[in-house]
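**Student:**
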Amino acid sequence: MNHSHTLDTADALGNLRSIPDTRQLFETYFNDGLGITDSMTFHEGKLELEGDEYVIADASLNPKYRTVQHWHNVWREFNLGPRIGEGVIEKLQSKKASYEEKGVKILINEEPFAVVICTPLMQRAHKLPYSKDIVFSDSTASCDAHNHSITFMLTPCAVGAVPLAVIITKGQSMNDYKIGFELVKNCVGPDGFGGECFPKLFITDDSEAERQALQSVWPQSKQLLCRFHICQSVWRWLWGSENNIEKLDRPILYALFNKILTASSVEMAEVAYLNAIDSNNNVNVAKYPNWVNYVNLYWKRKEIWVLSYRNFETHGHQTNNFSEICVRIYKDIVLSRNKAYNVVSLVDFTSTVMEHYYIRRIRKFCNSRCDVSRLFLISLQKKIKYLTIDMIESLENNMFKVPSEKDTEMYEVNATLGYCTCYQGHLGTFCKHQAAVYFFFSKELPNAPPVTAKCRYNMAVLAFGDKVQPLSFYNSLNAQDEIEENNTEIIDVNYTNNMSKVVIDEKQPELITNNVLKPVQQDFQSVVDLMVHKNDEFGSTNESLNIFLKKLGNVKTKNSWETFLSTCGKQISLRHANKAKIRVQPTSISRRRPGVTRGSSRLVVGRPAKTENSKKNKRKRNLQQNINKNQLNAKSH
Numbered sequence: 001m002n003h004s005h006t007l008d009t010a011d012a013l014g015n016l017r018s019i020p021d022t023r024q025l026f027e028t029y030f031n032d033g034l035g036i037t038d039s040m041t042f043h044e045g046k047l048e049l050e051g052d053e054y055v056i057a058d059a060s061l062n063p064k065y066r067t068v069q070h071w072h073n074v075w076r077e078f079n080l081g082p083r084i085g086e087g088v089i090e091k092l093q094s095k096k097a098s099y100e101e102k103g104v105k106i107l108i109n110e111e112p113f114a115v116v117i118c119t120p121l122m123q124r125a126h127k128l129p130y131s132k133d134i135v136f137s138d139s140t141a142s143c144d145a146h147n148h149s150i151t152f153m154l155t156p157c158a159v160g161a162v163p164l165a166v167i168i169t170k171g172q173s174m175n176d177y178k179i180g181f182e183l184v185k186n187c188v189g190p191d192g193f194g195g196e197c198f199p200k201l202f203i204t205d206d207s208e209a210e211r212q213a214l215q216s217v218w219p220q221s222k223q224l225l226c227r228f229h230i231c232q233s234v235w236r237w238l239w240g241s242e243n244n245i246e247k248l249d250r251p252i253l254y255a256l257f258n259k260i261l262t263a264s265s266v267e268m269a270e271v272a273y274l275n276a277i278d279s280n281n282n283v284n285v286a287k288y289p290n291w292v293n294y295v296n297l298y299w300k301r302k303e304i305w306v307l308s309y310r311n312f313e314t315h316g317h318q319t320n321n322f323s324e325i326c327v328r329i330y331k332d333i334v335l336s337r338n339k340a341y342n343v344v345s346l347v348d349f350t351s352t353v354m355e356h357y358y359i360r361r362i363r364k365f366c367n368s369r370c371d372v373s374r375l376f377l378i379s380l381q382k383k384i385k386y387l388t389i390d391m392i393e394s395l396e397n398n399m400f401k402v403p404s405e406k407d408t409e410m411y412e413v414n415a416t417l418g419y420c421t422c423y424q425g426h427l428g429t430f431c432k433h434q435a436a437v438y439f440f441f442s443k444e445l446p447n448a449p450p451v452t453a454k455c456r457y458n459m460a461v462l463a464f465g466d467k468v469q470p471l472s473f474y475n476s477l478n479a480q481d482e483i484e485e486n487n488t489e490i491i492d493v494n495y496t497n498n499m500s501k502v503v504i505d506e507k508q509p510e511l512i513t514n515n516v517l518k519p520v521q522q523d524f525q526s527v528v529d530l531m532v533h534k535n536d537e538f539g540s541t542n543e544s545l546n547i548f549l550k551k552l553g554n555v556k557t558k559n560s561w562e563t564f565l566s567t568c569g570k571q572i573s574l575r576h577a578n579k580a581k582i583r584v585q586p587t588s589i590s591r592r593r594p595g596v597t598r599g600s601s602r603l604v605v606g607r608p609a610k611t612e613n614s615k616k617n618k619r620k621r622n623l624q625q626n627i628n629k630n631q632l633n634a635k636s637h
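Be aware that the sequence shown starts at 1, since it is given in the UniProt record's numbering, and climbs by one per residue.
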């Protein structure tokens, strides 16, 4: 046959039809988690190893981008379903059996929409000693094209904190949270939270909807507010232009509030509160009646945020910053700062990428490649050089008296519960007095740094389950030098000493803010009337109106509607692009150091280059440092 075109040119080879084997190979790449560009780069790299340019130019063996894009769209529709709608729930239901084969529990509620994910690691995390004592909870959004809310529930352990469950809901209302938490309760069953069915404490930020939902589902649990979020909220209030607080007075007022927060006793907290609202004797307070009202509102809920109302039950955890870290891990590592295609892909990422990430981090600790705990214990060992074993008095019931370094005061250490009567240890933090008991009497306190083979083995069980290596595998190089482990479990004891208890007003969950009760119909009509007035006053262009209509038309969910109202459509994209970026806080871009991208790409980590910094250093996300400099605090994720 005579052809009217060339046959042995790259242009001719580039028009050949792809063969089924090539398509099947690319579907394998997609199943392994590679995207369009990554799969093409990987495939072309394999062909380059053969060294034949004809093969690389052959479209039947090395397809073009548009061909691979079509294959990926078909594969995505088949495996993940549509982006939104009833097909998403149907796809989740159809994949539920495959999740269960891998040990992943998935519970789905259609109306209101909610999904709970409990991977094998999360199920094993419910057997941790602290899972029945304390749980952190926090939420985030902007992780998929329709801004579903993702709530993480975590518990502390030797490696920091591990998730107990991940909840995906349509929004962040009280009903959304309640449905999600009820699914968690049904998912974990009677073995959840260390077999207690509920934790003793929840530490959250000041989200009224979340706290009411927790109270409704787990009424036996106490709720505490995160110390960091309280401080951050007060500092932001002081900087709010509507509050008219002079700049020089802001650190002074914050210091008054901080004294209430950190008071060592209930009596001292009450004295600090009276000083913070004393408008007669304090000139700075007298200038701001709104400050007095603000402090009074906080004082009504003093039991859930003032540290003097807490005790060793918190095990030294006064914040839910572990949740903040988990959110960043999810956005940076799991999603790579790219919005997921739909809820099904969120479930897939959580069940695979997030699960493997935590397993790798735990494996690093189990293999003795994390020295943080060991170095911390060494630092405490240096601080107790003033002590000898004769100076410590041993009492009954695993109690000890340890002398102070600076004066003649004696501190009581309870090795069973893990607390000390000193300022640092009375909230469950491992202090130097407890370290003295740890070293001199070989007592394994429940809050001691995890440096023993038993601790590493327990974490290996968490990560690998039945596939864990024997205990001897996790012994240190000098196994005979390890401290004998006498008491590795936390024992529940009815502690009736004179220490302050965590007191929660049972009526507190009934206190709903005025914003929740206030009808919005009148305010919404005011918005419409104001828009009509502004249009009559200033007019509008066709271009701006078309953009506004496009953004408004792309609001498909309740969460997107709330975002549209609060940002005037600023964060609503004109179209649902694949892998749309997870946008960062608008003000965070101006604070970035030289050389860092001005967009929303994932930040490069590692040692910075040794170059001269010609630009002004941006403020760090360090609340106390920014307060000392009298400037606003930076925001995260």
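Yeah, the Cβ is synthetic: ideal placement off N, Cα and C, and Gly gets one too. Note that this is a predicted model, so its numbers are computed, not measured.
Would you report the Cα separation of R23 and W71, rounded to the nearest angstrom?
**Tutor:** The residue given as residue 23 occupies position 23 in the sequence shown. The residue given as residue 71 occupies position 71 in the sequence shown. Taking the straight line from one Cα to the other gives about 7 Å.
**Student:** Who are D138's beta bridge partners in DSSP?
**Tutor:** By one-based count along the sequence shown, residue 138 stands at place 138. Answer is F152.
**Student:** Below 8 Å between beta carbons: does that hold for H433 and D133?
**Tutor:** Mapped onto the sequence shown, residue 433 falls at position 433. Mapped onto the sequence shown, residue 133 falls at position 133. Result no, Cβ atoms of H433 and D133 do not sit closer than 8 Å.
**Student:** Excluding sequence positions up to five away, which residues of its chain have a Cβ less than 6 Å from the Cβ of Y357?
**Tutor:** The residue given as residue 357 occupies position 357 in the sequence shown. If we look at Y357 and ignore the five residues flanking it on each side, its Cβ neighbours are I333.
**Student:** Mapping the DSSP letters down to three states, classify D144 as helix, strand or coil.
**Tutor:** Counted from its first residue, the sequence shown places residue 144 at position 144. Residue state, collapsed to three classes: strand.
**Student:** Rounded to the nearest angstrom, how far is the Cβ of R583 from that of R619, given a contact under 8 Å?
**Tutor:** Start at 1 with the first residue of the sequence shown, and residue 583 comes out as number 583. Start at 1 with the first residue of the sequence shown, and residue 619 comes out as number 619. So it is not a contact: roughly 21 Å between Cβ atoms.
**Student:** Buried or exposed, going by whether 16 or more other CB atoms sit within 10 Å of the CB of I389?
**Tutor:** Working through the sequence shown from its first residue, we reach residue 389 at position 389. Answer is exposed; the Cβ neighbour count stays below 16.
**Student:** Evaluate the contact criterion for the stretch 308-328 versus the stretch 61-71: three or more CB pairs, one atom per stretch, below 8 Å.
**Tutor:** No: fewer than three Cβ pairs fall under 8 Å.
**Student:** I'd like to know whether the C-beta atoms of I106 and V347 end up nearer to each other than 8 Å.
**Tutor:** Along the sequence shown, one-based indexing puts residue 106 at 106. Along the sequence shown, one-based indexing puts residue 347 at 347. Result yes, Cβ atoms of I106 and V347 sit closer than 8 Å.
**Student:** Quick check: what's the CA-CA separation for L427 versus E303?
**Tutor:** For the purposes of this step, residue 427 is taken as residue 427 along the sequence shown, with counting starting at 1. For the purposes of this step, residue 303 is taken as residue 303 along the sequence shown, with counting starting at 1. Rounded to whole angstroms, L427 to E303 spans 15 Å at the Cα level.
**Student:** Using the rule of at least 16 other Cβ atoms within 10 Å of the residue's Cβ for burial, across every protein chain shown, is E484 buried or exposed?
**Tutor:** Numbered from 1 along the sequence shown, position 484 holds the residue referred to as residue 484. With a pLDDT of only 45 at E484, under the threshold of 50, the placement of this residue in the model should not be trusted, and no figure is reported.
**Student:** Go ahead and pull the three-state DSSP assignment for P129.
**Tutor:** Your numbering for residue 129 matches position 129 in the sequence shown. Helix at P129.
**Student:** Distance, Cα to Cα, A453 vs S476?
**Tutor:** Here residue 453 refers to the residue found at position 453 when the sequence shown is read from its first residue. Here residue 476 refers to the residue found at position 476 when the sequence shown is read from its first residue. Straight-line Cα distance between these residues: approximately 7 Å.
**Student:** Please classify C568 as buried or exposed, where buried requires at least 16 other C-beta atoms within 10 Å of its C-beta.
**Tutor:** By one-based count along the sequence shown, residue 568 stands at place 568. So C568 counts as exposed.
**Student:** Where do the ends of the beta strand (DSSP E) carrying N414 lie?
**Tutor:** The residue given as residue 414 occupies position 414 in the sequence shown. Here the beta strand (DSSP E) through N414 covers M410 to N414.
**Student:** A263 lies in the beta strand (DSSP E); which residues open and close that run?
**Tutor:** Numbered from its first residue, the sequence shown carries residue 263 at position 263. That residue, A263, is in no beta strand (DSSP E); it is neither H nor E in DSSP.
**Student:** Going by DSSP, what residue range makes up the beta strand (DSSP E) through P199?
**Tutor:** Position 199 of the sequence shown holds residue 199. Note, P199: premise wrong, no beta strand (DSSP E); not H, not E.
**Student:** Using the Cβ count rule (16 or more neighbours within 10 Å means buried), how would you classify Q521?
**Tutor:** Counting from 1 along the sequence shown, the entry for residue 521 is found at position 521. Its Cβ having fewer than 16 others within 10 Å, Q521 is exposed.
**Student:** Assign A276 to one of two classes, buried (16 or more other C-beta atoms within 10 Å of its C-beta) or exposed (fewer than that).
**Tutor:** Taking the first residue of the sequence shown as 1, we reach residue 276 at position 276. Burial call: buried.
**Student:** Who are the Cβ neighbours of H229 in its own chain at under 8 Å, not counting the five residues just before and after it?
**Tutor:** The count along the sequence shown starts at 1 and reaches residue 229 at position 229. D205, D206, T319 and N320, listed in sequence order.
**Student:** Go ahead and pull the three-state DSSP assignment for residue 640.
**Tutor:** Residue 640 cannot be examined here, being either before or after the span of the chain that is shown, 1 to 637.
**Student:** CA-CA distance, A158 and R363?
**Tutor:** As a first step, residue 158 must be located in the sequence shown, where it is residue number 158. As a first step, residue 363 must be located in the sequence shown, where it is residue number 363. Near 12 Å, if we compare the C-alpha coordinates of R363 and A158.
**Student:** At the level of alpha carbons, what is the spacing between N243 and R124?
**Tutor:** By one-based count along the sequence shown, residue 243 stands at place 243. By one-based count along the sequence shown, residue 124 stands at place 124. Using only the alpha carbons, I get a separation of about 48 Å.
**Student:** Can you tell me whether F548 is buried or exposed? The criterion is at least 16 other CB atoms within 10 Å of its CB, across all chains shown.
**Tutor:** Mapped onto the sequence shown, residue 548 falls at position 548. With fewer than 16 Cβ atoms within 10 Å of its Cβ, F548 is classed as exposed.
**Student:** Tell whether a beta-carbon distance below 8 Å holds between N280 and T563.
**Tutor:** Within the sequence shown, the letter at position 280 stands for residue 280. Within the sequence shown, the letter at position 563 stands for residue 563. Cβ atoms of N280 and T563: not closer than 8 Å.
**Student:** Let me know if K467 comes out buried or exposed under the rule of 16 or more other beta-carbons within 10 Å of its beta-carbon.
**Tutor:** Here residue 467 corresponds to residue number 467 of the sequence shown, with the count starting at 1. Exposed.
**Student:** Between Q69 and the rest of its own chain, which residues show a CB-CB distance below 7 Å, the 5 nearest in sequence each way excluded?
**Tutor:** The residue labelled residue 69 in the question sits at position 69 within the sequence shown. Correct list, in chain order: I36.
**Student:** If the criterion is Cβ atoms closer than 8 Å, does the pair T169 and A213 meet it?
**Tutor:** In the sequence shown, the residue the question calls residue 169 occupies position 169. In the sequence shown, the residue the question calls residue 213 occupies position 213. Not a contact, by the Cβ cut-off of 8 Å.
**Student:** Quick one: measure Cβ to Cβ for P163 and M153, integer angstroms, because I've assumed they're closer than 8 Å.
**Tutor:** For the purposes of this step, residue 163 is taken as residue 163 along the sequence shown, with counting starting at 1. For the purposes of this step, residue 153 is taken as residue 153 along the sequence shown, with counting starting at 1. Contact flag correct, Cβ pair sits at about 7 Å.
**Student:** Where does Q521 fall in DSSP's three states?
**Tutor:** Locating residue 521 in the sequence shown gives position 521, where the first residue counts as 1. Looking at Q521 - three-state DSSP - the assignment turns out to be helix.
**Student:** So, does the stretch 116-130 touch the stretch 88-105, judging by three or more C-beta pairs under 8 Å?
**Tutor:** Yes, they touch.
**Student:** Taking only three categories from DSSP, how would you classify Y423?
**Tutor:** Your numbering for residue 423 matches position 423 in the sequence shown. It is coil, neither helix nor strand.
**Student:** Start and end of the alpha helix (DSSP H) containing A114?
**Tutor:** Working through the sequence shown from its first residue, we reach residue 114 at position 114. That residue, A114, is in no alpha helix (DSSP H); its beta strand (DSSP E) goes A114 to C118.
**Student:** Roughly how many whole angstroms lie between the Cα atoms of Y29 and V166?
**Tutor:** Locating residue 29 in the sequence shown gives position 29, where the first residue counts as 1. Locating residue 166 in the sequence shown gives position 166, where the first residue counts as 1. Using only the alpha carbons, I get a separation of about 27 Å.
**Student:** State the CB to CB distance for the pair L16 and D58, rounded to an integer number of angstroms; the pair is presumed to be in contact (CB under 8 Å).
**Tutor:** Taking the first residue of the sequence shown as 1, we reach residue 16 at position 16. Taking the first residue of the sequence shown as 1, we reach residue 58 at position 58. Yes, L16 and D58 are in contact; Cβ-Cβ is about 6 Å, under 8 Å.
**Student:** Compute the Euclidean distance between the alpha carbons of A141 and M268, then round it to the nearest angstrom.
**Tutor:** For this step, residue 141 is matched to residue 141 along the sequence shown. For this step, residue 268 is matched to residue 268 along the sequence shown. Cα to Cα, A141 sits roughly 40 Å from M268.
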